[in-house]
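Peer 1: Following this message is one structure expressed as structure tokens.
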Amino acid sequence: MCGIVGYIGKRDAAPILLDGLKRLEYRGYDSAGIATLSKKKFHIKKDKGKIADIDRKLDFARMPGNVGVGHTRWATHGAPSKINAHPHADCHGKLVVVHNGIIENYAKLKKFLKQKGYRFISNTDTEVIPNLISYFMRRGKNLEKSVRSAVEKLKGSFALAIISADEPDTLIAVRKESPLIVGVGKGEMFLASDIPAVLKHTNRIIVLENGEMAIIKPSGAVIKKTKSGGVVRKRSTKVTWTAEMAEKGGFAHFTLKEIHQQPEVIKNTLRVPRAELEKLAKFLLGAERVYLVACGTSYHAALVGKYALAKLANLSVEAVISSEFQESCRANGKTAVLGISQSGETADTLKALRIAKESGARTACLTNVVESSITRESDVVCYTHAGPEVSVVATKTFVAQVTYLLLLSVYLAERRGMSKSKICKLIARLNEVPDAARAVLARVEPHIRKLAKKYSNSQHIYLIGRGIGYPIVLEAALKLKEITYIHSEGMPAGELKHGTLALIERDTPVIAVVPPGASQVRMVGNIEEVKARGATVIAIADESDDVKEHVDEFIPVPSTEELFSPLTYIIPAQLLAYYMTVERGQDPDRPRSLAKSVTVE
Ligand code: M6R
200 MCGIVGYIGK
210 RDAAPILLDG
220 LKRLEYRGYD
230 SAGIATLSKK
240 KFHIKKDKGK
250 IADIDRKLDF
260 ARMPGNVGVG
270 HTRWATHGAP
280 SKINAHPHAD
290 CHGKLVVVHN
300 GIIENYAKLK
310 KFLKQKGYRF
320 ISNTDTEVIP
330 NLISYFMRRG
340 KNLEKSVRSA
350 VEKLKGSFAL
360 AIISADEPDT
370 LIAVRKESPL
380 IVGVGKGEMF
390 LASDIPAVLK
400 HTNRIIVLEN
410 GEMAIIKPSG
420 AVIKKTKSGG
430 VVRKRSTKVT
440 WTAEMAEKGG
450 FAHFTLKEIH
460 QQPEVIKNTL
470 RVPRAELEKL
480 AKFLLGAERV
490 YLVACGTSYH
500 AALVGKYALA
510 KLANLSVEAV
520 ISSEFQESCR
530 ANGKTAVLGI
540 SQSGETADTL
550 KALRIAKESG
560 ARTACLTNVV
570 ESSITRESDV
580 VCYTHAGPEV
590 SVVATKTFVA
600 QVTYLLLLSV
610 YLAERRGMSK
620 SKICKLIARL
630 NEVPDAARAV
640 LARVEPHIRK
650 LAKKYSNSQH
660 IYLIGRGIGY
670 PIVLEAALKL
680 KEITYIHSEG
690 MPAGELKHGT
700 LALIERDTPV
710 IAVVPPGASQ
720 VRMVGNIEEV
730 KARGATVIAI
740 ADESDDVKEH
750 VDEFIPVPST
760 EELFSPLTYI
770 IPAQLLAYYM
780 TVERGQDPDR
790 PRSLAKSVTV
800 E
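Going by my numbering, the sequence shown opens with residue 200, and the numbers climb by one from there.
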């Protein structure tokens, strides 16, 4: 969940590393640091805090050297502090390491190294790594062999970048589960945890796979199996993302930019080729039981998929939170498991797919990141084309996942005999959604800003919805709690009376999501229920509805097909979360304690 960058070439490494770290800050931001190597001497600057603040204090860019590594941290072992920040050196000052992941057996290794006279200064698991490599180098092995011997001894999941004062023309990268990519330049090479960090310099990348290492020189990289040392022949892949795609583009925050990109993202996703849908259709229809596994926002998209597949294609699937899959599901040769993950690196989802595979199930994935780890766990690979999502909170990738699953549901409905006229009507209505999303953005923003001012000091917010409104309120509540830090709870409106109603009192804000359809009348009943207890009700509802008469604040959304409503109804909720966060003086792009890809279980 931390971010790693590396550079080797002719240019000054530090400014390149600093820029890369800023682009990776969504992966962790409790501390940051850079190490460069010049004339066989290390220069290390690091501290606790956000990169921009540390840079103001330490001035990273002035560090000398044409090779270096950098790190932005999301603490696991050891509190955020200057001493625990990466890079970490060995106690002889000959090696520097940055690390993403967890070393499970670090305590045992630390004890062993201490007995051999090695000294430690931090509370991290990472510090054993440079010392262990040093231990092997001092026994006469070269850098590459020492790294391999050390990695043999490490248990856990990790990505490493290593430089040595004894071999200054080499940067070594190791991947065991945590992601790493090598960026291929002309006479210079880059290393990063994620693609956006290198896009400014190159769009040619090599994705390191589990159990691989890269021995990187300015002229190129040799990829080897870490265990055997055998060379793996790999070509670089050209990615279609551009550097501008990973910039703020005039918006105050990435969150706002990504919310505004949604109409375009929906439009792009609607272009998924039929051949790809057919692949996934075969995968699902050939199974006796289907699970959609995912976490967080991707799980909410999976829930929308569950409703749409049932209603449109008469296909029963279970949406399961990945970390619960092992406990609550059984898979066998007749099971199909579709993992949904924006990053393609979420440890819980990867594990669920692995368990499914081991039980004989077939697996597929829907991800936004080309060649991410999930693609290697899946028999069928499908992509959302939302472009890079930089903000820690998922917005545009949610609508991309939902659009994909809706399109798939319509395709399956056709496959399962729905009449041509009904299919044509559904497709036509789906094609109207990008404009409807654009209209929501154009119309509601000023109103939402006022609401944000009014409600930004709330202690609790409750969100209610029925049917397809239920996954919408779950996702809306997640957005609110992630960035505003206000306790927000989304639930099926029908569940209120079974307990939560006791918490509704005078002026408690309740957001009611009321898509068109049969459940509307019952939703109005639930609105009256909370109003009778003194709640202030904000409704997100069809513009032509009479829901308006029953509520305190009304946010109108253009009419759409009931099942397609998550695509437009989520937008006012995302904007409300964003503006309330700004109102509270917090950073919506970098919520406390969260990281973009959660690569630990
Ligand atoms: O990359 P993934 O889609 O697998 O990530 C899953 C969750 O970690 C992610 O959706 C998380 O809940 C976001 N912070 C939501 O905004």
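Just so you know, even glycine gets a beta-carbon here, dropped at the ideal spot from N, CA and C.
1. In the segment 493–544, which residue ranges form an unbroken beta strand (DSSP E) of at least 3 residues, counting only runs that do not cross its ends?
2. Which two residues bound the contiguous beta strand (DSSP E) that contains V421?
3. Can you tell me where the beta strand (DSSP E) with S793 in it begins and where it stops?
4. How many whole angstroms separate the CB atoms of K678 and E782, which I take to be in contact at a CB cut-off of 8 Å?
5. I'd like the ranges of any alpha helix (DSSP H) spanning at least 4 consecutive residues and lying wholly in the segment 413–462.
6. Would you mind reading off the limits of the beta strand (DSSP E) that contains G668?
7. With A776 and T707 assumed to form a contact (beta carbons below 8 Å), what rounded beta-carbon distance in angstroms separates them?
8. Closest by CA to G570, which one among K423, G716, Y582?
9. Say whether the segment 688–697 touches the segment 606–622, bearing in mind that this needs 3 or more beta-carbon pairs closer than 8 Å, one atom from each stretch.
10. With DSSP as the reference, label R338 as helix, strand or coil.
11. Please report the residue range of the alpha helix (DSSP H) in which P765 lies.
12. Where does K354 sit, in a helix, a strand or coil, going by DSSP?
13. Judging by CA-CA distance, which residue of G269, Y768, M444, D324 is the nearest neighbour of F241?
14. Would you call the CB atoms of T562 and D547 closer than 7 Å?
15. Quick check on DSSP: helix, strand or coil for T699?
16. Any heavy atom of ligand 1 closer than 6 Å to the Cβ of Q314?
17. Determine, using beta carbons only, whether T275 and L220 come nearer to each other than 7 Å.
18. In chain order, what residues of the same chain lie with their CB nearer than 6 Å to the CB of S280, ignoring the 5 residues before and after it?
19. Cβ of T545 within 6 Å of any heavy atom in ligand 1?
20. Taking its Cβ as the centre, do 16 or more other Cβ atoms sit within 10 Å of I737, making it buried, or is it exposed?
21. Pick out whichever of V350, H400, A772 has its Cα sitting closest to the Cα of A442.
22. Restricting to Cα atoms, I'd like to know which of D254, L223, Y206, T545 is closest to L236.
23. Which residues are close to ligand 1, meaning CB closer than 5 Å to any heavy atom, in chain order?
24. Can you tell me where the alpha helix (DSSP H) with Y654 in it begins and where it stops?
25. By Cβ distance, which residues of its chain are closer than 6 Å to A560, with the 5 residues on each side in sequence left out?
26. How about the segment 474–490 and the segment 251–267: do they share at least three Cβ pairs that are nearer than 8 Å?
27. Just checking, does the segment 750–760 make contact with the segment 723–741 on the three C-beta pairs under 8 Å criterion?
28. Report the rounded CA-to-CA distance for K416 versus G208, giving the unit in angstroms.
Peer 2: In this structure, then:
1. List check, beta strand (DSSP E) in window: 517–520, 534–540.
2. As a position in the sequence shown, residue 421 is number 222, starting the count at 1. Taken as a continuous stretch (DSSP letters only), the beta strand (DSSP E) holding V421 covers 419–424.
3. Position 594 of the sequence shown, counted from the start, is the residue given in the question as residue 793. Looking at the sequence itself, residue 793 is Leu, so the reference to Ser does not match. Unbroken run through L793: none, as it is neither H nor E.
4. In the sequence shown, residue 678 corresponds to position 479, counting from 1. In the sequence shown, residue 782 corresponds to position 583, counting from 1. About 15 Å separates the beta carbons of K678 and E782, which is beyond the 8 Å limit, so they are not a contact pair.
5. Counting only runs of at least 4 residues, the segment 413–462 fully encloses the following alpha helix (DSSP H) elements, listed from N- to C-terminal order: 453–459.
6. Counting from 1 along the sequence shown, the entry for residue 668 is found at position 469. Per DSSP, G668 lies in no beta strand (DSSP E) segment; the continuous alpha helix (DSSP H) that holds it begins and ends at 668–683.
7. Taking the sequence shown and counting its residues from 1, one reaches residue 776 at position 577. Taking the sequence shown and counting its residues from 1, one reaches residue 707 at position 508. A Cβ-Cβ distance of about 18 Å is found for the pair A776 and T707, leaving them out of contact under the 8 Å criterion.
8. In the sequence shown, counting from the first residue as 1, residue 570 sits at position 371. The question names Gly, but residue 570 is Glu in the sequence shown. Across the set K423, G716, Y582, the C-alpha of Y582 shows the shortest separation from the C-alpha of E570.
9. Output reads no: the segment 606–622 does not touch the segment 688–697.
10. Start at 1 with the first residue of the sequence shown, and residue 338 comes out as number 139. Coil at R338, not helix or strand.
11. In the sequence shown, the residue the question calls residue 765 occupies position 566. P765: member of the alpha helix (DSSP H) spanning 765–782, first to last residue.
12. Looking up residue 354 in the sequence shown gives position 155. Residue state, collapsed to three classes: coil.
13. By 1-based counting over the sequence shown, the position of residue 241 is 42. For F241, the nearest C-alpha among the options comes from G269.
14. Residue mapping note: residue 562 aligns to position 363 of the sequence shown, counting from 1. Residue mapping note: residue 547 aligns to position 348 of the sequence shown, counting from 1. No; because the gap between Cβ atoms is not below 7 Å, this pair is not in contact.
15. Position 500 of the sequence shown holds residue 699. Three-state result, T699: helix.
16. For the purposes of this step, residue 314 is taken as residue 115 along the sequence shown, with counting starting at 1. Outside the cutoff, so no.
17. Numbered from its first residue, the sequence shown carries residue 275 at position 76. Numbered from its first residue, the sequence shown carries residue 220 at position 21. For the pair T275 and L220, the CB atoms are not nearer than the 7 Å cut-off.
18. As a position in the sequence shown, residue 280 is number 81, starting the count at 1. Excluding sequence neighbours, S280 sits near K247.
19. Here residue 545 is taken as the residue at index 346 of the sequence shown, counted from 1. Relative to ligand 1, the beta carbon of T545 is positioned inside 6 Å of a heavy atom.
20. Position 538 of the sequence shown holds residue 737. By the beta-carbon neighbour count (other beta carbons within 10 angstroms, threshold 16), I737 is buried.
21. As a working note, residue 442 is residue 243 in the sequence shown. Looking only at V350, H400, A772, the smallest Cα-Cα distance to A442 is reached by H400.
22. Sequence index remark: in the sequence shown, residue 236 carries index 37 (1-based). Nearest C-alpha to L236: Y206.
23. Ordered along the chain, the selected set is C494, G495, T496, S497, S540, Q541, S542, T545, V592, A593, V797.
24. Locating residue 654 in the sequence shown gives position 455, counting from the first residue. Per DSSP, Y654 belongs to the alpha helix (DSSP H) from 619–654.
25. Position 361 of the sequence shown holds residue 560. Apart from the 5 residues on each side of it in sequence, A560 sits with its Cβ closer than 6 Å to the Cβ of A530, T534, V536 in its chain, given in chain order.
26. No, the segment 474–490 does not touch the segment 251–267.
27. A contact between stretches requires three or more CB pairs, one per stretch, nearer than 8 Å, and the segment 750–760 meets this requirement with the segment 723–741.
28. One-based indexing of the sequence shown puts residue 416 at position 217. One-based indexing of the sequence shown puts residue 208 at position 9. Rounded to whole angstroms, K416 and G208 show a C-alpha spacing of 8 Å.
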